[in-house]
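**Student:**
4 protein chains.
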Amino acid sequence: MRVHETRLRVRYAETDQMGVVYYANYLVYMEMGRVEYCRSAGLRYRDMEEGDGIFLAVAEARCRYLAPARYDDELIIRTWVDEARLRMISFRYEILHAETGKLLARGGTKHVFCDRTMKPCKLPAKYHAMFGIGGRPD
Amino acid sequence: MRVHETRLRVRYAETDQMGVVYYANYLVYMEMGRVEYCRSAGLRYRDMEEGDGIFLAVAEARCRYLAPARYDDELIIRTWVDEARLRMISFRYEILHAETGKLLARGGTKHVFCDRTMKPCKLPAKYHAMFGIGGRPD
Amino acid sequence: MRVHETRLRVRYAETDQMGVVYYANYLVYMEMGRVEYCRSAGLRYRDMEEGDGIFLAVAEARCRYLAPARYDDELIIRTWVDEARLRMISFRYEILHAETGKLLARGGTKHVFCDRTMKPCKLPAKYHAMFGIGGRPD
Amino acid sequence: MRVHETRLRVRYAETDQMGVVYYANYLVYMEMGRVEYCRSAGLRYRDMEEGDGIFLAVAEARCRYLAPARYDDELIIRTWVDEARLRMISFRYEILHAETGKLLARGGTKHVFCDRTMKPCKLPAKYHAMFGIGGRPD
Chain A
1 MRVHETRLRV RYAETDQMGV VYYANYLVYM EMGRVEYCRS AGLRYRDMEE
51 GDGIFLAVAE ARCRYLAPAR YDDELIIRTW VDEARLRMIS FRYEILHAET
101 GKLLARGGTK HVFCDRTMKP CKLPAKYHAM FGIGGRPD
Chain B
1001 MRVHETRLRV RYAETDQMGV VYYANYLVYM EMGRVEYCRS AGLRYRDMEE
1051 GDGIFLAVAE ARCRYLAPAR YDDELIIRTW VDEARLRMIS FRYEILHAET
1101 GKLLARGGTK HVFCDRTMKP CKLPAKYHAM FGIGGRPD
Chain C
2001 MRVHETRLRV RYAETDQMGV VYYANYLVYM EMGRVEYCRS AGLRYRDMEE
2051 GDGIFLAVAE ARCRYLAPAR YDDELIIRTW VDEARLRMIS FRYEILHAET
2101 GKLLARGGTK HVFCDRTMKP CKLPAKYHAM FGIGGRPD
Chain D
3001 MRVHETRLRV RYAETDQMGV VYYANYLVYM EMGRVEYCRS AGLRYRDMEE
3051 GDGIFLAVAE ARCRYLAPAR YDDELIIRTW VDEARLRMIS FRYEILHAET
3101 GKLLARGGTK HVFCDRTMKP CKLPAKYHAM FGIGGRPD
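Chains as they are written, first to last, in this note's numbering: chain A, 1 to 138; chain B, 1001 to 1138; chain C, 2001 to 2138; chain D, 3001 to 3138.
1) Pull up the DSSP beta-bridge partners for residue 3120(D), would you.
2) For a contact meaning CB atoms closer than 9 Å, what does residue 69(A) contact in chain C?
3) Quick one: what does DSSP say residue 3135(D) is sitting in, helix, strand or coil?
4) On the DSSP bridge list, what partners appear for residue 1062(B)?
5) Spatial neighbours of residue 16(A) within its chain, please: C-beta separation below 8 Å, excluding the five flanking residues on both sides.
6) Buried or exposed for residue 2102(C), going by 16 or more other Cβ atoms inside 10 Å?
7) Mark residue 3001(D) as exposed unless 16 or more other C-beta atoms lie within 10 angstroms of its C-beta, in which case mark it buried.
8) Let me check understanding here. Comparing Cα to Cα, which of 1124(B), 1083(B) and 1109(B) lies closest to residue 1093(B)?
9) Listed in chain order, which residues of the segment 3007 to 3040 of chain D have Cβ atoms closer than 7 Å to some Cβ of chain B?
10) Would you kindly check if the distance between the Cβ of residue 2116(C) and the Cβ of residue 2005(C) is under 7 Å?
11) Helix, strand or coil for residue 2052(C)? Go by DSSP, reduced to three states.
12) For a contact defined as C-beta to C-beta under 7 Å, what are the partners of residue 1062(B) on chain C?
13) Report buried or exposed for residue 3058(D), applying the criterion of at least 16 other Cβ atoms within 10 angstroms of its Cβ.
14) Listed from N- to C-terminal order along the chain, which residues in the segment 3076 to 3098 of chain D have their beta-carbon within a distance smaller than 7 Å of any beta-carbon of chain C?
15) Taking only beta-carbon atoms, is residue 2125(C) less than 7 Å away from chain F?
16) Confirm, please, whether the CB-CB distance from residue 2098(C) to residue 2140(C) is below 7 Å.
17) Would you please verify whether the beta carbon of residue 46(A) is less than 7 Å from any beta carbon of chain D?
18) Does residue 2137(C) have its Cβ less than 7 Å from a Cβ in chain D?
19) Residue 1085(B) by DSSP, collapsed to three states: which one?
20) If contacts are defined as beta-carbon pairs under 8 Å, then residue 124(A) and residue 87(A) qualify, I think. What distance do you get, rounded to the angstrom?
21) Hey, how far is the Cα of residue 3126(D) from the Cα of residue 2032(C)?
22) Of the residues 2071(C), 2084(C) and 2003(C), which one's Cα is nearest the Cα of residue 1045(B)?
23) For chain A, is any of its Cβ atoms less than 7 Å away from the one on residue 1059(B)?
24) Residue 3158(D) bridges to which residues according to DSSP?
25) Leaving out five residues before and five after residue 3038(D) in sequence, what residues of the same chain have Cβ atoms less than 6 Å from its Cβ?
26) Thinking residue 1113(B) and residue 1122(B) are a contact (beta carbons under 8 Å), I'd like their distance in whole angstroms, please.
27) Just to confirm the assignment, what range does the alpha helix (DSSP H) spanning residue 3018(D) have?
28) Check the Cβ-Cβ distances between residue 2052(C) and every residue of chain B, and say whether any is below 7 Å.
29) Under a CB-based cut-off of 7 Å, is residue 3072(D) close to chain A?
30) Tell me whether residue 1129(B) is buried or exposed, calling it buried when 16 or more other Cβ atoms sit within 10 Å of its Cβ.
31) Along the chain, where does the alpha helix (DSSP H) containing residue 3002(D) start, and where does it finish?
32) Please list, in chain order, the chain A residues whose beta carbon lies closer than 7 Å to that of residue 1113(B).
33) Pick from 1052(B), 1111(B), 1104(B) and 1074(B): whose alpha carbon is nearest that of residue 1081(B)?
34) Excluding sequence positions up to five away, which residues of its chain have a Cβ less than 6 Å from the Cβ of residue 3061(D)?
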């Protein structure tokens, strides 16, 4: 299982008046994690959308918040593929405080491959190896 | 079980280049649902924070995306309390397309009551009835 | 000069750790003001994009912040057209606290009409009256 | 005049259905530019807020949009101080496409120094040199 780590710094815009990162922004962080996961696997998500008309429509998202992230904190987003099949893929994430290593949140997302008309479709064969799909009938 | 319905219109800012509402924004919609749920129960969430120093820290959030919401769509957020105890409360949500009645998303959030220092605490007695808490030892 | 007023309530997501609305969100409020201005003039901005492939690309935006808006405040967005021509339109905005009537912010945006390829174009004649364009050569 | 450059990559969350970065997000980019400008000058903005209770309340913001930024583009934010006085500071920004060097946007913000109660105040002497303030009576 390959785990990718990407880093980011919490923006002022991402905090709320409780003085911590607003809870929806963790899903934005997860998006950054999976984009960088793909890039590190040799896949530019933008090219998949523009070139092949393949979109990753989100089917599910969940997050457990263990400790708050604060303004200007540097965070590490750990991302890995939980399950990949011809028609769907699911990612898992851990969000850690970079300086202390403390685990702040755990999450997951599940995605369905869609074509330009947003209809579910099978992932083209050229992307299978990248996501660890064996290529057997789904 | 009391279910509250609130309405909102999708903003341009909330869409992404896929032409649909960006997935993290559904958590913002849920926040609006639970704020209006509380208001309809006679509780202004702002007063609870300012007056009593009680905060609802998010412990978990999840969402299942069934069909996309699009720019300028009017949405209905249905909100209800799933479980309320002295130290936590969980909400459930359904997001529907107002015009067609189609169910677009289902979600849930779980919250821990915290004081001004963000330490978990018990919900003051004056709020128990509002959330349907019996008041027995937790 | 027609002035349109629309109302909204500040969301938790829109605050920052200073306890006030984050400054970029005023531009989102302005977007809501101009969408509702158009709707009140009989124009659904969404139809202009989908039906005629006309987009309002933002060329300039500015805002003066006079007093902070806070969580759960109800705001009034006053919107009017400052200048409308065949190739551009500019809007002006005032953001007020609904309860007190206090002026919180003043702003303006300037837009260029674009086609589906994001190239500047002239506004089709059918929209001229709506924006108060006389129809003389630009 | 010291100019600081910081880099960022456009997130999917920051695009809108026009397929470009939503206009309000440029103000978020400017915030990142000025935070990193301060950091490079030896000032952690977070410490100024937490330690000395000095806040930079935004009084004005403006942006001219010259060409669109798109998803996954790497951007350069160039930031410098336009004017610094005892009670206010103004920043200027240029946002460029990192790969092509094309200028995408130009902007500016003006800020008033405030204390913890959000009342305007003078910047403490220890920060004067950092912002190039001579220290003469304002």
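Backbone N, C-alpha and C fix where the C-beta goes; we use that ideal spot for every residue, glycine too.
**Tutor:** Per the coordinate set shown:
1) Within the fourth sequence, the letter at position 120 stands for residue 3120(D). Its beta-bridge partners are 3114(D).
2) Position 69 of the first sequence holds residue 69(A). Correct list: empty, because the minimum Cβ distance to chain C is about 12 Å.
3) Residue 3135(D) sits at position 135 when you count from the first residue of the fourth sequence. Residue confidence for residue 3135(D) is low, a pLDDT of 49 falling below 50, so the modelled location carries little weight and cannot support an answer.
4) Within the second sequence, residue 1062(B) is the residue found at index 62, counting from 1. Beta-bridge pairing links residue 1062(B) to 62(A) and 1108(B).
5) Your numbering for residue 16(A) matches position 16 in the first sequence. Here the set comprises 22.
6) In the third sequence, counting from the first residue as 1, residue 2102(C) sits at position 102. Under this definition residue 2102(C) is an exposed residue.
7) Taking the fourth sequence and counting its residues from 1, one reaches residue 3001(D) at position 1. The residue is exposed, with fewer than 16 neighbouring Cβ atoms inside 10 Å.
8) Position 93 of the second sequence, counted from the start, is the residue given in the question as residue 1093(B). The shortest C-alpha separation from residue 1093(B) is found at 1109(B).
9) 3012, 3013, 3015, 3016, 3017, 3019, 3022 and 3024
10) Here the question's residue 2005(C) lines up with position 5 in the third sequence. Here the question's residue 2116(C) lines up with position 116 in the third sequence. No, they are not a contact pair.
11) The count along the third sequence starts at 1 and reaches residue 2052(C) at position 52. Residue state, collapsed to three classes: helix.
12) The residue given as residue 1062(B) occupies position 62 in the second sequence. Simply none; closest approach about 18 Å.
13) Translated into the one-based positions of the fourth sequence, residue 3058(D) becomes position 58. With 16 or more other Cβ atoms within 10 Å, it is buried.
14) none
15) Checking the listed chains, one finds no chain F in this structure; the protein chains it contains are A, B, C and D.
16) No answer is possible for residue 2140(C): the residues shown for chain C start at 2001 and end at 2138.
17) Reading the first sequence from its first residue, position 46 is the one you call residue 46(A). Yes, because at least one Cβ of chain D sits closer than 7 Å to the Cβ of residue 46(A).
18) Counting from 1 along the third sequence, the entry for residue 2137(C) is found at position 137. With a pLDDT of 48 at residue 2137(C), under the threshold of 50, the modelled position of that residue is not reliable, and the figure given next carries that caveat. Not an interface residue.
19) Along the second sequence, one-based indexing puts residue 1085(B) at 85. Residue 1085(B) falls in the coil class under three-state DSSP.
20) As a working mapping, residue 124(A) is identified with position 124 in the first sequence. As a working mapping, residue 87(A) is identified with position 87 in the first sequence. Their Cβ separation, rounded to whole angstroms, is 12 Å, which puts residue 124(A) and residue 87(A) out of contact at 8 Å.
21) Taking the fourth sequence and counting its residues from 1, the one referred to as residue 3126(D) is at position 126. Taking the third sequence and counting its residues from 1, the one referred to as residue 2032(C) is at position 32. Those two C-alpha atoms are separated by around 42 Å.
22) What you label residue 1045(B) is simply residue 45 of the second sequence in a count that begins at 1. Of 2071(C), 2084(C) and 2003(C), the residue nearest in Cα terms is 2071(C).
23) Within the second sequence, residue 1059(B) is the residue found at index 59, counting from 1. Yes, because at least one Cβ of chain A sits closer than 7 Å to the Cβ of residue 1059(B).
24) Residue 3158(D) is absent from the structure shown; chain D starts at 3001 and stops at 3138.
25) By 1-based counting over the fourth sequence, the position of residue 3038(D) is 38. Cβ neighbours of residue 3038(D) beyond the five flanking positions: 3045.
26) Your numbering for residue 1113(B) matches position 113 in the second sequence. Your numbering for residue 1122(B) matches position 122 in the second sequence. So it is a contact: roughly 7 Å between Cβ atoms.
27) The residue you call residue 3018(D) lines up with position 18 of the fourth sequence. Where residue 3018(D) is concerned, there is no enclosing alpha helix (DSSP H), given that its DSSP letter is neither H nor E.
28) Looking up residue 2052(C) in the third sequence gives position 52. False, the Cβ-Cβ gap to chain B never drops below 7 Å.
29) As a working note, residue 3072(D) is residue 72 in the fourth sequence. Chain A, which has a Cβ nearer than 7 Å to the Cβ of residue 3072(D), makes this yes.
30) Indexing the second sequence from 1 puts residue 1129(B) at position 129. That one is exposed.
31) As a first step, residue 3002(D) must be located in the fourth sequence, where it is residue number 2. Residue 3002(D) -> no alpha helix (DSSP H), and no H or E assigned at all.
32) On the second sequence, residue 1113(B) is found 113 positions in, with the first residue counted as 1. Residues of chain A passing the Cβ test: none, with the nearest at roughly 13 Å.
33) Taking the second sequence and counting its residues from 1, the one referred to as residue 1081(B) is at position 81. When each option's Cα is compared against that of residue 1081(B), the closest is 1111(B).
34) For the purposes of this step, residue 3061(D) is identified with residue 61 of the fourth sequence, where counting begins at 1. Hits under 6 Å: 3027 and 3109.
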